[in-house]
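Student:
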Amino acid sequence: MAHENGVNGDTDSETVELNSLRRTRFHVNRVDSLEGRASLLGEQETRKSLRHMTREALPRLDNYRNIMSIQAAHRPSLDELHNPTLLNKDPGSHILQIAQVKSSISGIKFGWIQGVLLRCLLNIWGVMLFLRLSWVVAQAGIGEAILLISITTAVTTITSLSMSAISTNGLIKGGGTYYMISRSLGPEFGGSIGLIFSLANAVACSMYVVGFCESMVDCLKANGICIVDCDNTDIRIIGCITIVLLLLIVMFGLEWEAKAQIGLLIILLLAIADFMIGTIIGPKNDQERAKGFIGYNADLFKENFYSDYRYSEGMEHNFFSVLAIFFPAATGILAGANISGDLKDPQTAIPKGTLLAILLTTISYLFMALMVGGTVMRDASGDINDLWNIFNSSYTALSSLNATNETTESPIATLNTSEIVWSMYGTKFNCTGHCLYGSHNSFQAIELVSVFGPFIYAGCFAATLSSALASLVSAPKVFQALCLDKLYPGIEWFSGDKDKEPIRGYFLTFIIAVGFILIGELNAIAPLISNFFLAAYTLVNFSTFHASLAKPIGWRPTFKYYNMWLSLAGAILCVSVMFLISWWTALITLFVVLALYLVVSYRKPDVNWGSTTQAQTYNNALNAVQQLDRVEEHVKNYRPQLLVLSGTPSTRSALIDFAHYITKNNSLFICGHIIESPISYKTRNSMTVNCTSWFRANKIKAFYSMVDGANFQDGTTSLLQAAGLGKMRPNILLMGYKQDWATCPRENLNMYFNVMHKALDMHIAVALLRISEGLDCSTVVGDAEEEKKNAQTIPGNQSFSQLSQASSTSDISIPGSPAPRRSKLINEYPNPTAQGQRENQQNFLPVAKDILSTATKFQRKQKKGTIDVWWLYDDGGLTLLLPYIISTRRNWSNSKLRVFALANKNSELEYEQRNMASLLSKFRIDYSALNVIPDISKPAQDTTKNFFNTLIANFQETENTKTDDDIIKDSELTAMNEKTNRHLRLRELLLENSMEANLVVMTLPMPRKGAVSAPLYMAWLETLTRDMPPFLLVRGNHTSVLTFYS
458 MAHENGVNGD TDSETVELNS LRRTRFHVNR VDSLEGRASL LGEQETRKSL RHMTREALPR
518 LDNYRNIMSI QAAHRPSLDE LHNPTLLNKD PGSHILQIAQ VKSSISGIKF GWIQGVLLRC
578 LLNIWGVMLF LRLSWVVAQA GIGEAILLIS ITTAVTTITS LSMSAISTNG LIKGGGTYYM
638 ISRSLGPEFG GSIGLIFSLA NAVACSMYVV GFCESMVDCL KANGICIVDC DNTDIRIIGC
698 ITIVLLLLIV MFGLEWEAKA QIGLLIILLL AIADFMIGTI IGPKNDQERA KGFIGYNADL
758 FKENFYSDYR YSEGMEHNFF SVLAIFFPAA TGILAGANIS GDLKDPQTAI PKGTLLAILL
818 TTISYLFMAL MVGGTVMRDA SGDINDLWNI FNSSYTALSS LNATNETTES PIATLNTSEI
878 VWSMYGTKFN CTGHCLYGSH NSFQAIELVS VFGPFIYAGC FAATLSSALA SLVSAPKVFQ
938 ALCLDKLYPG IEWFSGDKDK EPIRGYFLTF IIAVGFILIG ELNAIAPLIS NFFLAAYTLV
998 NFSTFHASLA KPIGWRPTFK YYNMWLSLAG AILCVSVMFL ISWWTALITL FVVLALYLVV
1058 SYRKPDVNWG STTQAQTYNN ALNAVQQLDR VEEHVKNYRP QLLVLSGTPS TRSALIDFAH
1118 YITKNNSLFI CGHIIESPIS YKTRNSMTVN CTSWFRANKI KAFYSMVDGA NFQDGTTSLL
1178 QAAGLGKMRP NILLMGYKQD WATCPRENLN MYFNVMHKAL DMHIAVALLR ISEGLDCSTV
1238 VGDAEEEKKN AQTIPGNQSF SQLSQASSTS DISIPGSPAP RRSKLINEYP NPTAQGQREN
1298 QQNFLPVAKD ILSTATKFQR KQKKGTIDVW WLYDDGGLTL LLPYIISTRR NWSNSKLRVF
1358 ALANKNSELE YEQRNMASLL SKFRIDYSAL NVIPDISKPA QDTTKNFFNT LIANFQETEN
1418 TKTDDDIIKD SELTAMNEKT NRHLRLRELL LENSMEANLV VMTLPMPRKG AVSAPLYMAW
1478 LETLTRDMPP FLLVRGNHTS VLTFYS
């Protein structure tokens, strides 16, 4: 292959480097001799074939790409390097084939100026600049308008600093704000804010279009042209036509849209310059003065400095209502980030372009606010006769005319000029009714001030249309990224094909925009989107704060000019402004965010983005474990923490379900799996992942821990010693009862017995569970495994399957246990996809009813009955505590506790019963009956003795016995005669009292070291549990787990 053989087709960086060296060497040294050429070629061959001399990969960027990236390279795994026997590849096969790499098809990419700076400028210099800035100054006054602009700038600046930190902490793909928040805080926050932000941009598009239409209608009205009523109806008609034209522009692609943006920016800059020059030149005629533009005036500046909030468009305004209307002017800061997928270098472009745009637009807004406040009156009639110079000239002319013709009667002649009150600006506007002009009454004040009015209209058109274009592009782009992540059901269709224009998203945005355009009122639309954008800003700031707080190792932004506490202050400021603008709108916004958050949390999408929420979860867990380690243990806080020798959980689902009743939402639960043969990391990891998925699918909170390369006894010892962390360690060992103890190899029997010894040596309680059908469903799993083709399997070890009720299974196929709610099929995966079900139909096997009944025995609600507790010896109270915990579970709510205890003497029966009743009462244990057994030492019946003798017949000492190991000696039987009789009597009492119980719990006989052999001990357990209901044998560590103290 070209790449591996080092021919000219090799184009990676290493080969390019060698080619450069080759050219330089020949050019400088001019090696012409045969020896020199051979030496040079030998050196080149050595350099070129380094990849053929080692399987190691050199550090390259492509090695660190996402595995799904088309440019990703394959780094050899640790197994490939460390264990050559696992490697089936030739040297150098880890090298990525350049010939196979296809360049990704992508559209035009923008730099920081065209992609970010221009877009942000055009969005911020939007509809508010020309249509509402003068009105904001009239309502709030110059002073509060500056404060209002400052608050807006503070919010946007802090948010931009936070956004810059996030955007420089790794590669930013398409989706902009949604991508940054979702990858920082996780899919729950990202999904909720992504949907809201998409909607906000769609509504913002309608707001900008309505602003354009307002300006257009005023322009037509000034020329005496009306479509219908020169009001909202005209706005709706023009708006619908405009949004259709904008849709056609963006459908042609971003390149056309980008070219249009440049032209619009030039027009916008000319309009701003036109306004500023107009304020310097002053009013050009009396008509402009009559409409309120009087030029720079210190007294006017002083008057306009203070606020004058009035009733307007259906509401009485105040500072925060004006802020709500003006705030969308700041929403343009995300225009560049929203098309992050179309930027050449988002990490550099977003911070540089956004911050510079904020600086330029803030300066322009402040200067224009000062200019409007210093040159335009709040109220004006538009009548030139209300001007002093016009009135004075007219009065003088009429007075002279009256003097030449004294007989002529004139109303002016008789007018008393002393009654007219003139303002300091030479005007007598009477606006007690309603004036049509002035910054309070006309939204066209900016056009009035300008040198050439049509430039302002053109600038207003440019500002509104450019902002509308940007929003029309941003909303589908963000929504496409959200759809591709499949966080919400039913919206994936709108995404279209990846890496292509979201045509369906454009049409959806178009429909939403048209709906809001039909409202037709700018002041009604603006507050609706203010809270949506503020919610997005809140999460951008909180993302930066949370990342800085959690401090994951991967949080290394190249942008250093941010502060975690400033980001937190920005988040709080955004929320505060939300509620100050409109508390009920803020509540609705937060409710929508919460609802969308809960939807994603409930669906639990299968994504892993390395969010700071995950990092914080680790920090919280680590701190909690460390704090727990400093807490002294107390009996009141005792929790049963189980190590269950279950093997693969799905093959012992009854054992897992039973253990889950004890630990459910309450304590630690670890499933231990012991495999004799060593297994590879890939196999181990696959089994761990599948078992964890099985737990999640069955809603069981447990951990899976595996030991390989060890026998049952050594593996269990390792688990007992190493499982857990700090005080989160198992204090109870739960095993399945070894039902084949009489027929299995003696070595396996001894290991099973020694495990109990080891646990008790470590002061860990021991519990054995037996059900008559057996706990093992691995035979069905084994059949399913045989059906599975081309799958690697772990070498089986049947003895360990029998020892711990944990069989060896495939590293890939981890069967799921059937549940009552599921189909009666065993599937190789716990929660397969539809495609996986089709591909693996051969791995479905019908389950026999008896095996299904065994697997689901403890998943069903138990019938009305009892849990019989045979508390024979005081082990610290664990024998009583475990059945009490089980009785509190919903499936066992119909089972009442019955307690059986032993009496020392028959004569003290009543006294013993009162004592036990008092003890149970102080322990606050509810029970339905209490029975004290007086005659436990009575000789057992012959039938019971015969039953026991058959159990030990194969283990007794005979003449042909060659070894003393693993047999029951006559001396042992004699020494243990009383104990044996006691167990036989217990069997008789169990058959008499507990055959109908739902569960029997009994104190486990103590396996005394050196005093009782494994066969005799197992014969005792068999005597107690044979043909009984589900039976749990428990032996605590003789430390109190119950107390009657408060």
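Positions in the sequence shown are counted from 1; adding 457 to them yields the numbering used here.
Every residue gets a Cβ at the ideal spot worked out from N, C-alpha and C, and that includes glycine.
No experiment lies behind these values; they were computed from the predicted model shown.
#1: Just the Cα atoms here: how many angstroms apart are A938 and D1063?
#2: Name the residue from I969, V1146, P933, L579 whose alpha carbon lies nearest to the alpha carbon of S952.
#3: How many Å lie between I599 and A902 at the Cα?
#4: Whole angstroms is fine: what's the gap from N1207's alpha carbon to A1471's?
#5: Tell me which residues share the same chain as G910 and place their Cβ nearer than 8 Å to its Cβ, disregarding the 5 neighbours each side in the sequence.
#6: Looking only at C-alpha atoms, which of G752, Y1161, Q744, E745 sits nearest to M733?
#7: Hey, does T699 have any beta-carbon neighbour from chain C nearer than 8 Å?
#8: Given that a residue counts as buried once 16 or more other Cβ atoms are within 10 Å of its Cβ, and exposed if not, what is D836?
#9: Beta-carbon separation of S797 and I790 under 8 Å?
#10: Among the residues of its own chain, which have a CB less than 7 Å from the CB of R1483, if the five just before and after it don't count?
#11: By Cβ distance below 8 Å, which residues in the same chain neighbour E1090 in space, the five residues on each side in sequence not counted?
#12: Taking the CB atoms as reference points, tell me whether T811 and M620 lie closer together than 8 Å.
#13: Using only CA atoms, which one of L726, I682, M637, L618 lies nearest to L578?
#14: Under the DSSP definition of a beta bridge, which residues are partnered with Y1161?
#15: Among residues of its own chain, excluding the 5 on either side of L478, which ones have a beta-carbon nearer than 6 Å to its beta-carbon?
#16: Could you tell me whether the Cβ atoms of F762 and T609 are closer together than 8 Å?
#17: Put F567 into one of helix, strand or coil per three-state DSSP.
#18: Would you check if the stretch 1071–1085 and the stretch 1019–1031 touch, i.e. whether three or more CB-CB distances between them fall below 8 Å?
#19: Could you tell me which of N580, L574, G1493 sits nearest to Y1096, measuring between CA atoms?
#20: Going by DSSP, what residues sit across from E773 in a beta bridge?
#21: What residue does the beta strand (DSSP E) around L1099 start on, and which one ends it?
#22: With Y665 and G568 assumed to form a contact (beta carbons below 8 Å), what rounded beta-carbon distance in angstroms separates them?
#23: Please determine, among L618, E1479, L588, the residue with the shortest C-alpha to C-alpha distance to T1001.
#24: What does a CB cutoff of less than 7 Å around T1504 pick up in its chain, not counting 5 residues either side in sequence?
#25: Using 8 Å as the cut-off, can you tell me whether the stretch 1177–1195 makes contact with the stretch 1150–1157, which would need three or more C-beta pairs spanning the two stretches below that distance?
#26: If G962 and A794 are in contact, beta carbons under 8 Å, what's the gap, nearest whole angstrom?
#27: Roughly how many angstroms separate the alpha carbons of L944 and S639, rounded to a whole number?
#28: Run through the DSSP bridge pairs and tell me what N1388 is partnered with.
#29: If you count every other CB in all the chains shown that lies within 10 Å of the CB of T1120, and 16 or more means buried, which is it?
#30: For Y1509, count the other beta carbons within 10 Å of its own beta carbon; 16 or more makes it buried, fewer makes it exposed. Which is it?
#31: So does the stretch 1379–1397 actually touch the stretch 1455–1468, counting three or more Cβ pairs closer than 8 Å?
#32: Hey, A454 and F1016: beta-carbon distance below 8 Å or not?
#33: For the putative contact between L1176 and I1221, defined by C-beta atoms under 8 Å, what is the C-beta separation to the nearest angstrom?
#34: Where does the unbroken beta strand (DSSP E) through T1174 begin, and where does it stop?
#35: Below 8 Å on the Cβ atoms is my contact criterion, and I expect T625 with P1014 to pass it. Report the Cβ-Cβ distance as a whole number of Å.
#36: Between the beta-carbon of R693 and the beta-carbon of F900, is there less than 8 Å?
Tutor: To lay it out plainly:
#1: Along the sequence shown, one-based indexing puts residue 938 at 481. Along the sequence shown, one-based indexing puts residue 1063 at 606. Distance between the alpha carbons of A938 and D1063: 16 Å.
#2: As a first step, residue 952 must be located in the sequence shown, where it is residue number 495. Residue P933 is the option with its Cα nearest to S952.
#3: On the sequence shown, residue 599 is found 142 positions in, with the first residue counted as 1. On the sequence shown, residue 902 is found 445 positions in, with the first residue counted as 1. When rounded, the distance between both Cα atoms is 15 Å.
#4: Against the sequence shown, residue 1207 aligns to sequence position 750. Against the sequence shown, residue 1471 aligns to sequence position 1014. In a straight line, the C-alpha of N1207 is about 6 Å away from that of A1471.
#5: Residue mapping note: residue 910 aligns to position 453 of the sequence shown, counting from 1. The residues are E904.
#6: For the purposes of this step, residue 733 is identified with residue 276 of the sequence shown, where counting begins at 1. Measuring from the Cα of M733, the nearest candidate turns out to be G752.
#7: The structure shown contains no chain C, having only a single protein chain.
#8: Mapped onto the sequence shown, residue 836 falls at position 379. D836 is buried by the Cβ-count criterion.
#9: Taking the first residue of the sequence shown as 1, we reach residue 797 at position 340. Taking the first residue of the sequence shown as 1, we reach residue 790 at position 333. Cβ atoms of S797 and I790: not closer than 8 Å.
#10: Residue numbering aside, residue 1483 sits at position 1026 when the sequence shown is read from its first letter. So the list is empty, once near-sequence residues are dropped.
#11: Working through the sequence shown from its first residue, we reach residue 1090 at position 633. Answer for E1090: K1184, listed in chain order.
#12: If you number the sequence shown from 1, residue 811 lands on position 354. If you number the sequence shown from 1, residue 620 lands on position 163. Cβ distance < 8 Å, so T811 and M620 count as in contact.
#13: The count along the sequence shown starts at 1 and reaches residue 578 at position 121. It is L726 whose Cα lies nearest to the Cα of L578.
#14: Within the sequence shown, residue 1161 is the residue found at index 704, counting from 1. According to DSSP, Y1161 bridges with C1128.
#15: The residue given as residue 478 occupies position 21 in the sequence shown. Caution is warranted here: a pLDDT of 38 is assigned to L478, below 50, making its placement in the model unreliable, and the coordinate value is therefore given only provisionally. Here the set comprises nothing.
#16: Counting from 1 along the sequence shown, the entry for residue 762 is found at position 305. Counting from 1 along the sequence shown, the entry for residue 609 is found at position 152. Not a contact, by the Cβ cut-off of 8 Å.
#17: Within the sequence shown, the letter at position 110 stands for residue 567. It is a strand residue.
#18: no
#19: Along the sequence shown, one-based indexing puts residue 1096 at 639. Per the sequence presented here, residue 1096 reads as Arg, with Tyr not at that position. Nearest option by C-alpha distance: G1493.
#20: Stepping through the sequence shown from its first residue, residue 773 is reached at position 316. DSSP lists Y768 as partners of E773.
#21: Mapped onto the sequence shown, residue 1099 falls at position 642. Per DSSP, L1099 belongs to the beta strand (DSSP E) from 1099–1102.
#22: Looking up residue 665 in the sequence shown gives position 208. Looking up residue 568 in the sequence shown gives position 111. Not confirmed; about 25 Å, so no contact.
#23: For the purposes of this step, residue 1001 is identified with residue 544 of the sequence shown, where counting begins at 1. Of the listed residues, the one whose Cα sits closest to T1001 is L618.
#24: Given a span of 458 to 1503 for the chain in the structure shown, any question on residue 1504 remains unanswerable.
#25: no
#26: The residue given as residue 962 occupies position 505 in the sequence shown. The residue given as residue 794 occupies position 337 in the sequence shown. In fact, because the Cβ distance is near 17 Å, the residues do not count as touching under 8 Å.
#27: Numbered from 1 along the sequence shown, position 487 holds the residue referred to as residue 944. Numbered from 1 along the sequence shown, position 182 holds the residue referred to as residue 639. If I take the Cα positions, the gap works out to 11 Å.
#28: Taking the sequence shown and counting its residues from 1, the one referred to as residue 1388 is at position 931. Paired residue(s): F1357.
#29: Your numbering for residue 1120 matches position 663 in the sequence shown. Burial call: buried.
#30: Nothing can be reported for residue 1509: it is not among the residues displayed for the chain, which extend from 458 to 1503.
#31: no
#32: No information on residue 454 is available, as it lies outside the stretch 458 to 1503 that the chain covers here.
#33: Here residue 1176 is taken as the residue at index 719 of the sequence shown, counted from 1. Here residue 1221 is taken as the residue at index 764 of the sequence shown, counted from 1. Not a contact, Cβ separation roughly 11 Å.
#34: Counting from 1 along the sequence shown, the entry for residue 1174 is found at position 717. Careful: T1174 lies outside any beta strand (DSSP E), inside the alpha helix (DSSP H) at 1169–1179.
#35: Numbered from its first residue, the sequence shown carries residue 625 at position 168. Numbered from its first residue, the sequence shown carries residue 1014 at position 557. Confirmed, Cβ separation roughly 5 Å.
#36: What you label residue 693 is simply residue 236 of the sequence shown in a count that begins at 1. What you label residue 900 is simply residue 443 of the sequence shown in a count that begins at 1. No, Cβ-Cβ distance for R693 and F900 is not below 8 Å.
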